[in-house]
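A.B. asks: Using our numbering, you'd call the opening residue of the sequence shown number 2 and step up by one each time.
Idealized CB from N, CA, C, for every residue including glycine.
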Amino acid sequence: MRGDKPLRTGFTTGTAASAAAKAATLALLGAGASESVVVTLPSSWNEADAPHQLVIPISECTVLDGHVRAGVIKDAGDDPDATDGALIVAEVMPVKETGEPADPSPQIIIEGGVGVGRVTLPGLPVPPGRAAINPEPMRQIELAVREAVDMAGARDIGALKVVVSVPEGKRLAKKTMNPALGILGGISILGTRGTVKPFSHEAYLATVRQALDVAKATGVRQVVLATGGRSERFARGLWPDLPPTAFLQAGDLFAAGCEEAGKRGFDKAHWAVFFGKLVKMAQGLASTHAREGQLDLPGLVDRACAAGLAGEFVAKARESATARGVLRAISECDGSGAIGRRLVEDLAHDALAHACRFAGGTMPVGLAVFDESGRIVCLVESDATS
2 MRGDKPLRTG FTTGTAASAA AKAATLALLG AGASESVVVT LPSSWNEADA
52 PHQLVIPISE CTVLDGHVRA GVIKDAGDDP DATDGALIVA EVMPVKETGE
102 PADPSPQIII EGGVGVGRVT LPGLPVPPGR AAINPEPMRQ IELAVREAVD
152 MAGARDIGAL KVVVSVPEGK RLAKKTMNPA LGILGGISIL GTRGTVKPFS
202 HEAYLATVRQ ALDVAKATGV RQVVLATGGR SERFARGLWP DLPPTAFLQA
252 GDLFAAGCEE AGKRGFDKAH WAVFFGKLVK MAQGLASTHA REGQLDLPGL
302 VDRACAAGLA GEFVAKARES ATARGVLRAI SECDGSGAIG RRLVEDLAHD
352 ALAHACRFAG GTMPVGLAVF DESGRIVCLV ESDATS
């Protein structure tokens with residue numbers, strides 16, 4: 002919810018590309034420019050009920066020499082998606098058929114153009130060397146074009162080529178996980194359901210799974226799961242000999258990150274964290290996101306007191322609403338720093354035990370705690386798989 006209003010659902014880059022391709026095909030076949038088109042969503046492919054469909058506005062449609070260009074503005078709803086507002090373009094043109102047609106319907110060839118990334122590493126749903134258009138949106142685009150051909154009644158046209166491009170794709174890709182996944186030169190055309198659920202746990206988990214698949218496929222034996230960009234950067238400095246694909250941002254997905262790494266049979270997994278996330282991990286929370294797990298500040302204060310702090314510390318700590326604030330109070334009241342270090346180590350060992358549990362006892366786990374400047378505060382490792 003945002004205030005009293007429910008969060009607005011958006012649509013994927015795959016749905017945007019499908020709508021653009023359908024509009025361009027209709028115009029190419031003489032149906033004129035469309036203000037909007039209806040597209041079928043991948044979420045309905047395995048269901049017996051009526052197909053799930055969306056009406057997608059068309060932002061541009063231009064008939065050119067021998068082909069048509071149509072565009073859709075990607076609308077991610079209330080999700081903070083890097084591609085929200087991006088122009089997704091499809092150009093459709095007639096081409097000669099390649100090989101013998103399998104059926105009388107037209108052959109559809111789909112390619113990636115400017116701003117659509119190229120896959121360079123194994124382990125992804127698309128093989129290296131091809132445009133980063135995932136299987137579901139690839140099928141969705143093809144079905145949208147076939148729907149347009151049927152609507153226009155033009156089944157004897159031979160073959161059609163669809164080129165999907167994203168004019169700002171190269172710039173937008175820097176805000177995504179694509180560079181880390183070895184997808185270069187642009188964004189990916191994605192969408193297993195066709196719609197974007199705001200702040201989707203499933204969408205981010207899919208990205209983490211892909212990163213782990215790439216790591217496994219490129220021969221990585223130890224992975225490092227970071228809670229964000231800074232912790233990943235510091236972790237790269239701590240483990241400089243690990244290859245780039247060994248590092249990924251698992252965000253708040255503490256349990257899922259451990260579980261998914263364990264499933265893939267890595268020799269070891271490390272976590273790179275700051276104090277705030279460490280406290281939640283030590284509580285055994287599956288997710289460390291603020292919406293999904295309550296930070297136990299009173300419990301943290303009690304642990305600090307049990308370690309030897311009292312009096313002035315308690316007064317300062319109870320004024321704080323964050324783990325960082327409690328840590329600041331510890332620093333101010335712990336002259337030698339020994340109590341603070343011992344507390345961090347105790348929390349790290351608790352977090353490590355939960356990490357091993359979430360990983361299912363399949364591999365050893367390590368955990369590195371950094372301070373805000375990137376200095377290592379604590380480094381703990383499990384002896385084996387527990």
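Do Met178 and Ala218 have their C-beta atoms within less than 8 Å of each other?
C.D. replies: No, they are not a contact pair.
A.B. asks: Buried or exposed for Thr193, please, with buried defined as at least 16 other CB atoms from any protein chain shown within 10 angstroms of its CB.
C.D. replies: Counting Cβ neighbours within 10 Å, Thr193 comes out buried, since at least 16 surround it.
A.B. asks: Strictly by DSSP, which residues pair up with Gln223?
C.D. replies: DSSP output for Gln223 lists Lys269 as bridge partner(s).
A.B. asks: Applying the 10 Å Cβ sphere with the 16-neighbour rule, what's the burial state of Phe275?
C.D. replies: Per the 10 Å Cβ criterion, buried.
A.B. asks: Run through the DSSP bridge pairs and tell me what Leu185 is partnered with.
C.D. replies: Paired residue(s): Arg119.
A.B. asks: With distances taken Cα to Cα, identify the nearest neighbour of Ser44 among Glu148, Ile74, Val197.
C.D. replies: Cα-wise, what sits closest to Ser44 is Val197.
A.B. asks: Between Glu233 and Leu226, what straight-line distance do the alpha-carbon atoms span, to the nearest angstrom?
C.D. replies: Whole-angstrom Cα-Cα distance: 8 Å.
A.B. asks: Pro418 to Ala256, Cα distance in whole Å?
C.D. replies: Since the displayed the chain opens at 2 and closes at 387, residue 418 lies outside it and no answer follows.
A.B. asks: Along the chain, where does the beta strand (DSSP E) that runs through Leu27 open and close?
C.D. replies: Note, Leu27: premise wrong, no beta strand (DSSP E); alpha helix (DSSP H) at 14-29.
A.B. asks: In this structure, how does DSSP classify Glu393 when only helix, strand and coil are distinguished?
C.D. replies: With the chain covering 2 to 387 only, the question about residue 393 has no answer from this structure.
A.B. asks: Note down the Cα distance separating Gln108 from Lys278, rounded to an integer number of angstroms.
C.D. replies: Spanning the two alpha carbons is a distance of roughly 52 Å.
A.B. asks: On the premise that Ala21 lies in contact with Ile89, defined as a C-beta separation below 8 Å, what is that separation, rounded to the nearest angstrom?
C.D. replies: Indeed, because the Cβ distance is near 6 Å, the residues count as touching under 8 Å.
A.B. asks: Skipping 5 residues on each side, what residues in its chain have a beta carbon closer than 7 Å to that of Asp79?
C.D. replies: Only Arg3, Leu8, Arg9, Pro199 meet the Cβ criterion.
A.B. asks: Based on the DSSP output, what are the partners of Arg70 in its beta bridges?
C.D. replies: For Arg70, which the question treats as bridged, DSSP gives the partners Thr63, Glu92.
A.B. asks: Is the beta carbon of Gly114 within less than 7 Å of some heavy atom of the ligand COA?
C.D. replies: As far as ligands go, the structure on display features none, and thus does not contain the ligand COA.
A.B. asks: According to DSSP, simplified to helix, strand and coil, what is Ala160?
C.D. replies: If DSSP states are grouped into helix, strand and coil, Ala160 belongs with the strands.
A.B. asks: Would you tell me roughly how many angstroms separate the C-alpha atoms of Asp335 and Cys306, rounded to the nearest one?
C.D. replies: Going from the Cα of Asp335 to the Cα of Cys306 covers about 11 Å.
A.B. asks: In terms of DSSP beta bridges, what is Ala369 paired with?
C.D. replies: For Ala369, which the question treats as bridged, DSSP gives the partners Ala273, Leu380.
A.B. asks: Compare the beta carbon distance of Val215 and Gly258 with 8 Å and say whether it is the shorter of the two.
C.D. replies: No, the pair does not count as a contact, with Cβ atoms beyond the cut-off.
A.B. asks: Using the DSSP secondary-structure output, state which residues sit across from Ala132 in a beta bridge.
C.D. replies: Answer is Arg119, bridged to Ala132.
A.B. asks: Rounded to whole angstroms, what is the Cα-Cα separation between Val366 and Lys281?
C.D. replies: Those two C-alpha atoms are separated by around 17 Å.
A.B. asks: Given a threshold of 16 other Cβ atoms within 10 Å of its Cβ, counted over all protein chains shown, does Pro138 qualify as buried or as exposed?
C.D. replies: Buried: at least 16 other Cβ atoms inside 10 Å.
A.B. asks: Using the Cβ count rule (16 or more neighbours within 10 Å means buried), how would you classify Asp253?
C.D. replies: Label assigned to Asp253: buried.
A.B. asks: Do Gly187 and Gly118 count as a contact pair if the criterion is CB distance below 8 Å?
C.D. replies: A contact, by the Cβ cut-off of 8 Å.
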